[in-house]
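Here is the structure we will look at, set down as structure tokens.
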Amino acid sequence: MTLYLLPRPRHRTVTIELDGLLQQLPAEYHPTGPLVGRIVTAPAFHAQSLVGECPVPVAMPLHRPTARTDPRLIVVDDLSEEWVIGFRVRYEQQLYRITGFYPR
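Everything in the sequence shown is counted per the numbering used here, starting at 196 for the first residue and increasing by one.
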């Protein structure tokens with residue numbers, strides 16, 4: 196039997212600005228698995244749905260930009276790689292939209 200070890204997510208730092216607030220957040224790049232090629236930040240964001248607000252801070256998914264990406268949505272990580280911020284998240288099967296940083 197051959198056992199293959201999958202690479203673990205790689206740690207990164209991403210600087211994100213929302214509503215005039217600039218924060219550096221830890222994030223993880225996923226080289227394999229269901230999130231392959233994406234970065235997910237630490238849970239630091241407030242989110243709302245049609246039903247109400249999310250009871251906990253949520254993480255933000257980031258993906259690679261395309262030629263049609265609005266440059267205002269592009270952020271750069273600590274390796275100078277570009278990423279697009281995503282505003283849709285799920286928590287306990289409910290769809291939420293990120294509205295800002297979670298209050299500390």
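Positions of the beta carbon are idealized from the N, C-alpha and C atoms, including for glycine.
Just to confirm before moving on: does the CB-CB distance between residue i and residue j stay below 8 Å?
i, j, result
"residue 219", "residue 246", "no"
"residue 281", "residue 257", "yes"
"residue 166", "residue 207", "Given that the chain is displayed from residue 196 to residue 299, the structure contains no residue 166 and the question cannot be resolved."
"residue 277", "residue 260", "yes"
"residue 239", "residue 286", "no"
"residue 270", "residue 231", "no"
Round the Cβ separation of residue i and residue j to the nearest angstrom and send it over; I've been treating them as touching at under 8 Å.
i, j, result
"residue 292", "residue 243", "6 Å"
Does DSSP put residue i in a helix, a strand or coil?
i, result
"residue 268", "helix"
"residue 232", "coil"
"residue 289", "strand"
"residue 205", "strand"
"residue 257", "strand"
"residue 309", "With the chain running from 196 to 299 in the structure shown, residue 309 is simply not present."
"residue 276", "coil"
Kindly identify the DSSP beta-bridge partner or partners of residue i.
i, result
"residue 246", "Partner(s): none; residue 246 has no beta bridge."
"residue 222", "207 and 236"
"residue 251", "DSSP output for residue 251 lists no bridge partner at all."
"residue 283", "292"
Mind the definition here: the segment 245–253 touches the segment 213–226 only if three or more C-beta pairs lie below 8 Å; say whether that holds. no
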